[in-house]
Amino acid sequence: MLEHGGNLRDAVRHFGRPLEDWLDLSTGVNPHFYPAPQLAANAWHRLPEYSDALVQAAQAYYRAPQMLAVAGSQAVIQALPRLRPVAKVVVSAPSYAEHAYQWRQAGHAVTECIYAELDAAVEHADVVVLCNPNNPTGEFIPPDQLLHWAAQLAERGGWLVVDEAFADTVPDINVASLADQPGLIVLRSVGKFFGLAGIRLGFVAAEKNLLLQLANYLGPWSVSGPAQQIAIAALTDRQWQVQTAQLLQQEGERLRQLLNAHDMHSSGTDLFQWCSHEDLNNQSEQLWQFMAERGIWLRWFAQGPHRPHGLRFGLPGSEAGWLRLEAGLGEWAKIQNHSPQRHRDTE
9 MLEHGGNLRD AVRHFGRPLE DWLDLSTGVN PHFYPAPQLA ANAWHRLPEY SDALVQAAQA
69 YYRAPQMLAV AGSQAVIQAL PRLRPVAKVV VSAPSYAEHA YQWRQAGHAV TECIYAELDA
129 AVEHADVVVL CNPNNPTGEF IPPDQLLHWA AQLAERGGWL VVDEAFADTV PDINVASLAD
189 QPGLIVLRSV GKFFGLAGIR LGFVAAEKNL LLQLANYLGP WSVSGPAQQI AIAALTDRQW
249 QVQTAQLLQQ EGERLRQLLN AHDMHSSGTD LFQWCSHEDL NNQSEQLWQF MAERGIWLRW
309 FAQGPHRPHG LRFGLPGSEA GWLRLEAGLG EWAKIQNHSP QRHRDTE
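Under our numbering, think of the first position of the sequence shown as 9, with each following residue one higher.
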């Protein structure tokens with residue numbers, strides 16, 4: 009299984025610090041999660057039938073013409089490669105590692121390429137997969153370009169798969185509203201912006217025939233009853249959505265400024281910031297280790313073929329968390345300023 013953020017129990021085992029004594033910044037999940045409403049008395053009793061109310065709430069929120077509810081976008085990431093014969097697949101890199109991994113697991117010929125090379129790669133691909141905005145770097149591709157690629161691929165029966173898991177705070181780049189266009193498949197998640205990763209719920213926007221194929225492949229009762237009830241409340245709570253978007257914008261900027269104040273150039277979204285290995289003076293692993301020893305869990309990306317090398321910082325969920333992060337970064341900066349190597353580099 010691939011490594012992902014949120015693996016706090018690995019940190020507990022490796023560093024010997026109790027679970028409750030960690031500040032977990034290893035994910036891009038909103039720490040100010042949507043407050044789950046009181047569930048209906050039969051939520052745990054009845055089989056979770058298809059819910060018109062859930063799909064209608066999702067289509068209204070994402071402005072999509074038609075959607076399928078699924079048990080997290082991970083379920084679709086695993087299913088899509090198994091709905092096509094062997095194909096030439098291009099996956100953007102760096103990106104969420106499950107995409108390339110699942111297409112390879114299903115026997116497809118997978119090539120990973122950087123964003124700057126995607127346009128040329130579309131000409132020779134059957135399927136192109138990317139995250140928009142990207143996880144972990146925050147890069148994004150304008151909607152017009154995405155729609156052009158989708159049309160190119162559709163001409164030969166191909167797909168453009170766009171993972172919009174982090175797109176809630178940047179609605180101007182969303183293409184879910186246009187996913188009835190042939191060849192375009194858009195994945196959405198309630199785990200990131202709504203902070204509801206634990207209910208395992210996502211949505212797919214695409215042509216009706218493809219949604220039917222997916223539904224048949226995934227089988228009945230794929231989304232639990234409690235997840236459906238919680239999501240309907242979250243997707244229709246406009247006041248909470250507006251207030252949370254404003255809060256995340258402020259906190260995303262606060263995180264960017266905090267890193268910049270410690271000489272760490274970053275990029276990202278309102279939910280996370282990314283610092284490359286080079287932007288950390290080639291010491292991303294050392295900083296990850298240093299912070300972990302102080303109970304601050306970051307997502308370190310080790311170097312590899314077509315893989316990023318650096319650190320991703322999520323948002324602290326409290327003022328105490330912000331102060332703890334600031335203290336850790338300050339301690340690291342003080343050590344770096346007294347480092348003999350640092351003095352040699354600046355001479």
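For glycine and all other residues, C-beta sits at the position ideal for the given N, C-alpha and C. Because the structure is a prediction, the values reported are computed rather than measured.
Check, Outcome
"Val-20 versus Gln-153: straight-line alpha-carbon distance, rounded", "44 Å"
"CA nearest to the CA of Val-84, picked from Leu-243, Val-170, Glu-147, Tyr-69", "Val-170"
"Of the listed residues Val-231, Arg-302, Ala-213, Val-136, nearest to Arg-164 (C-alpha basis)", "Val-136"
"Distance CB(Leu-76)-CB(Ala-223) smaller than 8 Å", "yes"
"Environment of His-107 [buried if 16+ CB atoms lie within 10 Å]", "buried"
"Counterpart residues of Lys-96 in DSSP-defined beta bridges", "Ala-117"
"Alpha-carbon to alpha-carbon, Gln-291 and Asp-134", "39 Å"
"Given 8 Å, three or more beta-carbon pairs between the stretch 44-54 and the stretch 173-180", "no"
"Per DSSP, the bridge partner or partners of Ala-213", "Met-75, Val-194"
"Gly-336: first and last residue of the uninterrupted alpha helix (DSSP H) it sits in", "327-345"
"For Ser-103 and Leu-138, believed in contact at Cβ under 8 Å, the rounded distance", "7 Å"
"Ser-230 vs Val-63 beta-carbon contact at 8 Å", "no"
"First and last residue of the uninterrupted beta strand (DSSP E) at Glu-291", "According to the sequence displayed, residue 291 carries Gln and not Glu. That residue, Gln-291, is in no beta strand (DSSP E); it is neither H nor E in DSSP."
"Endpoints, the beta strand (DSSP E) within which Val-169 is located", "167-171"
"Member of Asn-268, Thr-277, His-273, Leu-319 whose CA lies at the smallest distance from the CA of Glu-293", "Leu-319"
"Given 8 Å, three or more beta-carbon pairs between the stretch 29-42 and the stretch 250-257", "yes"
"Extent of the continuous alpha helix (DSSP H) run through Arg-265", "Per the sequence shown, the amino acid found at residue 265 is Gln instead of Arg. Counting along the chain, the alpha helix (DSSP H) containing Gln-265 begins and ends at 246-269."
"Range covered by the beta strand (DSSP E) that runs through Ser-284", "280-284"
"Sequence-distant residues of its chain with Cβ nearer than 8 Å to Leu-186 (five each side left out)", "Pro-151, Leu-155, Leu-192"
"Phe-321 vs Leu-279 beta-carbon contact at 8 Å", "no"
"The alpha helix (DSSP H) enclosing Leu-155, as first and last residue numbers", "151-162"
"Length of the line joining the Cα atoms of Ser-100 and Ala-175", "17 Å"
"Rounded separation between His-270 and Glu-339 - CA only", "10 Å"
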